[in-house]
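This report concerns only the one structure given below.
Protein chains: 2
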Amino acid sequence: MLIFAPMPTISNRGGHMPPSPIRKLVPFAEAAKQRGTKVYHLNIGQPDIETPKAIMDAVRHVDMKVLEYSHSAGFESYRKKLVEYYARNGVNINHNQVIVTTGGSEAILFAIMSCMDPGDEIIIPEPFYANYNGFATSAGVTVVPIPSGIEDGFALPSIDAFEKAVTPRTKAIMICNPNNPTGYLYSRQELEVLKEICLKHDLFLFSDEAYREFCYDGKEHISALSLEGLEQHAILMDTISKRYSACGGRIGAFVTHNQQVLDTAMKFAQARLSPPSFAQILGEAAVDLPADYFDGIHAEYDLRRNTLVNRLNAMDGVLCPMPGGAFYAIARLPVDDSEKFCQWLLESFSHNGATVMMAPAAGFYATRGQGKNEVRLAYVLNKEDINHAMDCLEAALKEYNK
Amino acid sequence: MLIFAPMPTISNRGGHMPPSPIRKLVPFAEAAKQRGTKVYHLNIGQPDIETPKAIMDAVRHVDMKVLEYSHSAGFESYRKKLVEYYARNGVNINHNQVIVTTGGSEAILFAIMSCMDPGDEIIIPEPFYANYNGFATSAGVTVVPIPSGIEDGFALPSIDAFEKAVTPRTKAIMICNPNNPTGYLYSRQELEVLKEICLKHDLFLFSDEAYREFCYDGKEHISALSLEGLEQHAILMDTISKRYSACGGRIGAFVTHNQQVLDTAMKFAQARLSPPSFAQILGEAAVDLPADYFDGIHAEYDLRRNTLVNRLNAMDGVLCPMPGGAFYAIARLPVDDSEKFCQWLLESFSHNGATVMMAPAAGFYATRGQGKNEVRLAYVLNKEDINHAMDCLEAALKEYNK
Numbered sequence: 001m002l003i004f005a006p007m008p009t010i011s012n013r014g015g016h017m018p019p020s021p022i023r024k025l026v027p028f029a030e031a032a033k034q035r036g037t038k039v040y041h042l043n044i045g046q047p048d049i050e051t052p053k054a055i056m057d058a059v060r061h062v063d064m065k066v067l068e069y070s071h072s073a074g075f076e077s078y079r080k081k082l083v084e085y086y087a088r089n090g091v092n093i094n095h096n097q098v099i100v101t102t103g104g105s106e107a108i109l110f111a112i113m114s115c116m117d118p119g120d121e122i123i124i125p126e127p128f129y130a131n132y133n134g135f136a137t138s139a140g141v142t143v144v145p146i147p148s149g150i151e152d153g154f155a156l157p158s159i160d161a162f163e164k165a166v167t168p169r170t171k172a173i174m175i176c177n178p179n180n181p182t183g184y185l186y187s188r189q190e191l192e193v194l195k196e197i198c199l200k201h202d203l204f205l206f207s208d209e210a211y212r213e214f215c216y217d218g219k220e221h222i223s224a225l226s227l228e229g230l231e232q233h234a235i236l237m238d239t240i241s242k243r244y245s246a247c248g249g250r251i252g253a254f255v256t257h258n259q260q261v262l263d264t265a266m267k268f269a270q271a272r273l274s275p276p277s278f279a280q281i282l283g284e285a286a287v288d289l290p291a292d293y294f295d296g297i298h299a300e301y302d303l304r305r306n307t308l309v310n311r312l313n314a315m316d317g318v319l320c321p322m323p324g325g326a327f328y329a330i331a332r333l334p335v336d337d338s339e340k341f342c343q344w345l346l347e348s349f350s351h352n353g354a355t356v357m358m359a360p361a362a363g364f365y366a367t368r369g370q371g372k373n374e375v376r377l378a379y380v381l382n383k384e385d386i387n388h389a390m391d392c393l394e395a396a397l398k399e400y401n402k
Numbered sequence: 403m404l405i406f407a408p409m410p411t412i413s414n415r416g417g418h419m420p421p422s423p424i425r426k427l428v429p430f431a432e433a434a435k436q437r438g439t440k441v442y443h444l445n446i447g448q449p450d451i452e453t454p455k456a457i458m459d460a461v462r463h464v465d466m467k468v469l470e471y472s473h474s475a476g477f478e479s480y481r482k483k484l485v486e487y488y489a490r491n492g493v494n495i496n497h498n499q500v501i502v503t504t505g506g507s508e509a510i511l512f513a514i515m516s517c518m519d520p521g522d523e524i525i526i527p528e529p530f531y532a533n534y535n536g537f538a539t540s541a542g543v544t545v546v547p548i549p550s551g552i553e554d555g556f557a558l559p560s561i562d563a564f565e566k567a568v569t570p571r572t573k574a575i576m577i578c579n580p581n582n583p584t585g586y587l588y589s590r591q592e593l594e595v596l597k598e599i600c601l602k603h604d605l606f607l608f609s610d611e612a613y614r615e616f617c618y619d620g621k622e623h624i625s626a627l628s629l630e631g632l633e634q635h636a637i638l639m640d641t642i643s644k645r646y647s648a649c650g651g652r653i654g655a656f657v658t659h660n661q662q663v664l665d666t667a668m669k670f671a672q673a674r675l676s677p678p679s680f681a682q683i684l685g686e687a688a689v690d691l692p693a694d695y696f697d698g699i700h701a702e703y704d705l706r707r708n709t710l711v712n713r714l715n716a717m718d719g720v721l722c723p724m725p726g727g728a729f730y731a732i733a734r735l736p737v738d739d740s741e742k743f744c745q746w747l748l749e750s751f752s753h754n755g756a757t758v759m760m761a762p763a764a765g766f767y768a769t770r771g772q773g774k775n776e777v778r779l780a781y782v783l784n785k786e787d788i789n790h791a792m793d794c795l796e797a798a799l800k801e802y803n804k
């Protein structure tokens with residue numbers, strides 16, 4: 001027994017890595033389920049929509065003797081298909097401008113690693129997708145948040161706010177459009193503001209467009225890669241996860257017109273050899289889904305969005321701006337600390353044998369103390385379940401605030 | 403036309419990323435094929451062995467409605483299966499000590515990121531797997547190479563060589579056992595030397611055991627994770643790629659008894675959400691392959707090894723130590739610059755309509771100028787093709803040295 005055995009220590013970078021704000025309440029949810037409480041999961045962006053059978057079948061019918069490495073940039077046949085896909089979405093590229101990545105996550109990492117050095121700064125409107133913090137920490141990059149406000153529905157901050165945040169170390173601006181966690185969809189005018197500031201200060205624009213197809217109220221999605229004059233600055237970080245309900249596939253894409261950035265990202269891509277083969281087959285089949293594939297899904301999410309947001313705003317003291325895209329909403333609740341409230345919902349509350357799990361919003365802010373009375377809700381359940389979940393929340397707020 | 407458009411610059415880190423030494427001759431190979439020359443690929447560790455049908459079928463029969471994220475550490479059922487697999491290989495762990503990774507590549511990245519900060523040093527006997535350089539560069543970590551020599555068959559450097567390389571910034575030693583690119587299999591005595599030095603200086607031992615099953619001449623593989631007293635220091639970085647000829651699956655594992663390291667690596671794992679689902683199903687099925695699965699493969703590789711190495715050593719001025727494991731060998735050739743020679747083989751040479759592609763060894767050394775007259779050969783072709791390839795090489799050396 002080596003009681004005084006030496007023990008090497010973890011890295012500071014590892015110590016600073018933020019734990020996932022979405023997953024840290026999981027043990028409380030598991031305990032609730034063990035007590036027999038039904039938990040409505042509005043905490044995580046895992047769609048309940050079936051993965052299209054046609055694309056699962058493409059994998060089921062795979063005809064390969066040897067499961068070989070693919071090209072480090074992904075199968076050429078898949079990249080050529082993606083050219084078609086992007087052309088349909090107003091983005092004109094060739095297949096050598098696409099690197100297939102292991103999920104959108106790896107596209108984000110390649111963008112940061114290829115364009116930024118330790119100590120460099122990236123401006124991100126907050127609240128933002130929490131894992132941006134993790135990728136920035138692992139790359140030694142500093143996130144400079146600028147606030148977007150719930151009263152403005154989380155619109156793009158003013159050009160002045162960006163100007164004030166720019167320093168000699170600023171290398172990039174990162175956006176998620178439509179936005180996770182706010183659901184905000186940037187307008188052409190807002191993208192033009194981003195273009196202006198990027199050109200003026202020669203900054204990269206990293207654009208996470210994972211939710212491109214999820215836009216409501218007849219609004220159009222505009223890709224950063226379609227902005228004229230921004231070709232050398234814009235990098236698209238994409239994923240098939242939400243688009244085709246294929247989160248477990250781990251296939252994304254890194255797309256840019258900037259050849260030097262592509263060459264650099266390819267070196268990171270070569271170091272990890274190749275993206276997963278099976279899900280590339282699935283992704284390639286997905287480009288050939290019927291043109292009306294998204295129509296039904298779109299109608300379903302629109303219904304869920306209206307149900308959720310209308311129910312939330314009907315509750316005393318709750319504010320939830322109507323999101324224009326994605327499948328998330330941020331709500332301000334009449335509570336002091338939404339993390340305590342979310343934990344209490346799982347630990348100490350039930351309504352008709354059920355409770356609701358949400359993501360405390362503080363983890364989506366880089367500024368400490370921000371978002372403490374907000375939660376993020378993912379409307380990835382059907383209308384009936386959303387109504388049940390809202391019944392729980394409504395009853396819970398009454399009981400909690402007694 | 404914006405001729406004087408501004409253009410943001412890539413990162414220094416991206417600039418320093420090494421290009422893959424294995425893949426950079428690829429355009430010359432493609433040109434050779436277009437000229438109608440047959441190219442024998444001994445340059446890359448892509449096995450030609452069929453992926454077992456039973457494990458491909460497990461994916462073909464996948465019964466999932468929604469391709470969901472898995473747990474960030476991988477499916478629990480798969481991790482439990484891996485516990486069985488490791489127990490059969492002398493490594494006793496529980497399923498919470500395993501994080502399923504996206505290939506062995508990600509396991510290497512998690513080890514470096516979790517345990518090392520920018521400026522920290524990692525000692526690696528050279529030549530070593532070239533992508534270690536890439537992962538170290540992306541993490542800002544300094545590789546400190548210590549030479550292993552072709553005359554000693556690439557045995558572990560002496561304990562004195564390690565002692566001389568240790569500085570206050572040293573955090574870890576990295577080995578690949580059996581070794582890529584040398585094929586060297588470390589003995590128990592050598593592992594005890596590594597244990598001694600790790601305990602004395604409180605260093606992590608990162609052990610890449612991708613080729614565990616490929617050991618010849620009746621020699622036994624000893625895992626770093628089975629070394630008594632080294633539980634808090636040893637980290638196993640593993641992959642199913644070579645074991646089951648499943649390189650395109652992108653499934654590996656990060657395994658350690660050190661709880662603090664596991665907790666830290668889990669934060670990196672959560673940031674990237676989950677490893678690919680399809681190949682986890684394949685990996686889980688692989689643990690149930692019949693016990694004699696490796697016997698046939700083993701005999702095949704042993705035959706190839708003997709064929710390749712004996713042919714090489716029969717050539718004038720060629721030295722190739724007999725490797726004890728993996729499916730690589732390093733050969734010293736009677737040429738000044740093996741990169742030029744390898745390019746010449748593809749650009750300007752053919753023998754009976756064929757040529758051979760090898761990996762110049764310089765890319766496997768961190769010390770500039772080392773390995774300039776060496777190549778790495780992967781014996782991933784059948785005996786007949788290896789003989790054809792050796793015919794080409796033999797004829798080429800005669801012509802090149804005229």
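From first to last, the protein sequence lines are chains A and B. Just so you know, we're using the numbering used here here: the first sequence kicks off at 1 and counts up by one. Just so you know, we're using the numbering used here here: the second sequence kicks off at 403 and counts up by one. Note that the Cβ used here is the ideal one computed from N, Cα and C, for glycine as well. All figures in this text were calculated on a predicted structure; none of them were measured in a lab.
The beta carbon of residue 777 of chain B does not come within 8 Å of any beta carbon belonging to chain A, so the residue lies off that interface. Note: residue 779 of chain B is bridge-paired with B/731 in the DSSP secondary-structure output. As the crow flies, the alpha-carbon of residue 748 of chain B is around 21 Å from that of residue 766 of chain B.
Between residue 392 of chain A and residue 331 of chain A, the CB-CB gap reaches or exceeds 8 Å.
Of all alpha-carbon atoms in B/411, B/687, B/438 and B/421, the one lying nearest the alpha-carbon of residue 751 of chain B is that of B/438. The beta carbon of residue 686 of chain B is closer than 8 Å to those of 460, 477, 479, 480 and 483 in its chain, skipping five residues each way along the sequence. About 28 Å separates the CB atoms of residue 731 of chain B and residue 457 of chain B; that is not less than 8 Å, and the two are not in contact.
Residue state for residue 507 of chain B is assigned as helix, using DSSP reduced to three classes. Straight through space, the alpha carbons of residue 161 of chain A and residue 196 of chain A are spaced by roughly 13 Å. As computed with DSSP, residue 10 of chain A is found in no beta bridge at all. Taking C-alpha positions only, residue 379 of chain A is separated from residue 475 of chain B by approximately 25 Å. Take residue 334 of chain A, set aside five residues on each side of it, and the residues of its chain with a beta-carbon closer than 8 Å to its own are 316, 317, 318, 373, 397 and 401, in chain order. DSSP, read as helix, strand or coil, puts residue 657 of chain B in strand.
Between residue 100 of chain A and residue 280 of chain A, the CB-CB gap stays under 8 Å. Around residue 691 of chain B, the same chain offers 454, 456, 457 and 646 as residues with beta carbons nearer than 8 Å, after the five sequence neighbours per side are excluded. Every beta strand (DSSP E) stretch that sits fully inside the region 493–568 of chain B and reaches 3 residues is listed by chain position as 500–503, 523–528 and 544–549. In this structure, residue 142 of chain A and residue 16 of chain A do not form a Cβ contact; the two beta carbons are roughly 12 Å apart against a cut-off of 8 Å. Contact between residue 159 of chain A and residue 135 of chain A is ruled out by a C-beta separation of about 26 Å, above the 8 Å threshold. Sequence-distant Cβ neighbours of residue 753 of chain B in its own chain, meaning closer than 8 Å and more than five residues away, are 793, 794, 797 and 798.
The beta carbons of residue 33 of chain A and residue 26 of chain A sit no closer together than 8 Å.
Distance from the CA of residue 467 of chain B to the CA of residue 499 of chain B, rounded to the nearest whole angstrom, comes to 29 Å. In the three-state reduction of the DSSP assignment, residue 215 of chain A falls in the strand class, which pools E and B. At a C-beta separation below 9 Å, residue 605 of chain B has these neighbours in chain A: 8.
Spanning the alpha carbons of residue 741 of chain B and residue 166 of chain A requires a straight line of approximately 46 Å. Under the criterion of beta carbons closer than 8 Å, residue 416 of chain B and residue 114 of chain A qualify as touching, at roughly 4 Å. The region 210–230 of chain A makes no contact with the region 641–655 of chain B, as fewer than three CB pairs between them are under 8 Å. Rounded to whole angstroms, residue 772 of chain B and residue 264 of chain A show a C-alpha spacing of 26 Å. Residue state for residue 372 of chain A is assigned as coil, using DSSP reduced to three classes. Residue 577 of chain B and residue 607 of chain B have their C-alpha atoms some 8 Å from each other. Short of 8 Å from the beta carbon of residue 703 of chain B, and not among the five residues preceding or following it, lie these beta carbons of its own chain, in chain order: 616, 618, 729 and 781. Within chain A, no C-beta atom comes nearer than 9 Å to that of residue 654 of chain B; the closest sits roughly 11 Å away. Not one beta carbon of chain A lies nearer than 8 Å to the beta carbon of residue 564 of chain B.
Taking a contact as a CB-CB distance under 8 Å, the pair residue 366 of chain A and residue 133 of chain A counts as one, their CB atoms being some 7 Å apart. Residue 223 of chain A sits in coil when the DSSP states are folded into three classes, being neither helix nor strand. A direct Cα-Cα distance of roughly 7 Å separates residue 549 of chain B from residue 559 of chain B. Taking 8 Å as the upper bound for CB-CB distance, residue 787 of chain B and residue 11 of chain A are not in contact here, some 45 Å apart.
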